[in-house]
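**Q**
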Amino acid sequence: MEQGISPRFWIIFVGGIAVVVGLGFLLAFLGRGPGEPATTTTTAPPAKSPVATLATSPISPLAKTSATSPIPTPTTRPLHNPTIPEVAPDFALGQAGGGTFRLSEQLVQGPVVLVFFQRVGG
């Protein structure tokens with residue numbers, strides 16, 4: 002009696018290989034970083050025979066003028082600090098099981114933390 006490998010095994014096996022290969026590619030691309038270019042090697046041009054040149058300053062004339070010009074100070078605007086009330090204004094919400102939720106009633110029992118969820122399924 003010959004027993005073959007079940008199709009379920011092959012699906013799991015191929016899926017596992019796909020996940021491992023996908024993670025490998027993901028780690029390879031994330032390891033390099035988004036802004037870093039691929040590394041390339043460059044060679045220096047061949048050295049030429051020395052030639053007499055005029056002595057000039059390595060700083061361009063534009064750099065000299067920009068270094069001496071004053072930098073304008075940025076204007077500062079006063080920051081607006083809104084006031085946050087200690088207690089939220091009272092409100093009422095309909096509960097899913099019936100009844101009404103009132104913030105003022107719940108605050109009597111202690112601090113209230115509200116968590117809002119988007120409706121599931123559309």
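Residues 2 to 123 (the working numbering) are what the sequence shown spells out, left to right. Ideal placement from N, C-alpha and C gives every residue a C-beta, glycine not left out.
1. Quick check on the DSSP output: the alpha helix (DSSP H) that includes L1 runs from which residue to which?
2. Could you spell out where the beta strand (DSSP E) holding A93 opens and where it closes?
3. Can you tell which of R120, S7, Q107 has the C-alpha that lies nearest to the C-alpha of A89?
4. Tell me the rounded alpha-carbon separation between V109 and R103.
5. My understanding is that V93 touches T101, with C-beta atoms under 8 Å, so please give their C-beta distance in whole angstroms.
6. In the DSSP assignment, what residue or residues form a beta bridge with T101?
7. Let me make sure I understand the geometry here. Which of V113, T74, T76, P75 has the alpha-carbon closest to that of A91?
8. DSSP on R9, reduced to helix/strand/coil?
9. To the nearest angstrom, report how far apart I72 and R78 are at their CA atoms.
**A** Concretely, from the data shown:
1. Because residue 1 is not part of the residues shown, which for the chain are 2 to 123, the question remains open.
2. Under the DSSP assignment, A93 falls in the beta strand (DSSP E) whose first and last residues are 93 to 95.
3. It is Q107.
4. Distance between the alpha carbons of V109 and R103: 11 Å.
5. Rather than Val, the amino acid found at residue 93 in this sequence is Ala. Right, the Cβ-Cβ distance comes to about 5 Å (below 8 Å), so this counts as a contact.
6. G95, per the DSSP bridge assignment.
7. Inspection of the sequence shows that residue 91 is occupied by Asp rather than by Ala. Minimum Cα distance to D91 is reached at V113.
8. It is helical.
9. Looking at the two C-alpha atoms, the distance is approximately 19 Å.
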